[in-house]
Amino acid sequence: MAAKHMKLVVYLPKTHLDNTLDALKKLGIGANGHYEGRAFLTFGHGTWIANKGAKPFKGRLNKREMAQEVKIETTCEKGKLKEAIKVIRSIHPYELPEIEAYELQDGE
1 MAAKHMKLVV YLPKTHLDNT LDALKKLGIG ANGHYEGRAF LTFGHGTWIA
51 NKGAKPFKGR LNKREMAQEV KIETTCEKGK LKEAIKVIRS IHPYELPEIE
101 AYELQDGE
């Protein structure tokens, strides 16, 4: 049974939420039936320590940092996944954005 859709998950600073949701909606990500732009949001705090060679979006090297972040969970047609990831990477402020994708059990 081949999956038709993927669950797309991305973590990003709260400040970048609206731009990211708008960009995904333009691609048709999160659309289902008569609805578009669907997503589940979880708000929390991300933490990290940037080591030598890093170019952190926020904070200083070798010091623990924390920022308000949001986790976006949405659905994506399997054929649009690569384009969605490309768009996320183009607007995400982190050097290494955390992006996850899982097959949904919606195949035939």
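Per UniProt numbering, the sequence shown starts with residue 1, numbered consecutively.
We treat Cβ as the ideally placed atom computed from N, Cα and C, and that holds for glycine.
Original post:
What residues match up with Phe-57 in a beta bridge as DSSP calls it?
Top reply: DSSP, once it has assigned bridges, lists no residue as partnering Phe-57.
Original post:
How would you label Met-66, buried or exposed, when you count the other beta carbons within 10 angstroms and need 16 or more for buried?
Top reply: exposed
Original post:
Between which two residues does the alpha helix (DSSP H) harbouring Ala-38 extend?
Top reply: In the sequence under discussion, the amino acid at residue 38 is Arg, which differs from the Ala named in the question. For Arg-38, no alpha helix (DSSP H) segment is defined, and its DSSP state is neither H nor E.
Original post:
Terminal residues of the continuous beta strand (DSSP E) containing Lys-82?
Top reply: Not the beta strand (DSSP E): Lys-82 falls in the alpha helix (DSSP H), residues 81-91.
Subject >> Alpha-carbon spacing of Gly-59 relative to Leu-81, whole angstroms >> reply: 31 Å
Subject >> Span of the alpha helix (DSSP H) around Lys-26 >> reply: 17-26
Original post:
Helix or strand or just coil, what does DSSP make of Lys-78?
Top reply: helix
Original post:
Which term fits Glu-69, buried or exposed, when burial requires 16 or more other beta carbons within 10 angstroms of its beta carbon?
Top reply: buried
Original post:
Where does Lys-14 fall in DSSP's three states?
Top reply: helix
**OP:** Hey, could you find the ends of the beta strand (DSSP E) Glu-100 is sitting in?
**Re:** First-last of the beta strand (DSSP E) with Glu-100: 99-103.
Subject >> Contacts around Ile-91, its chain only, beta-carbon distance under 8 Å, and the 5 residues preceding and following it disregarded >> reply: His-16, Asn-19, Thr-20, Ala-23
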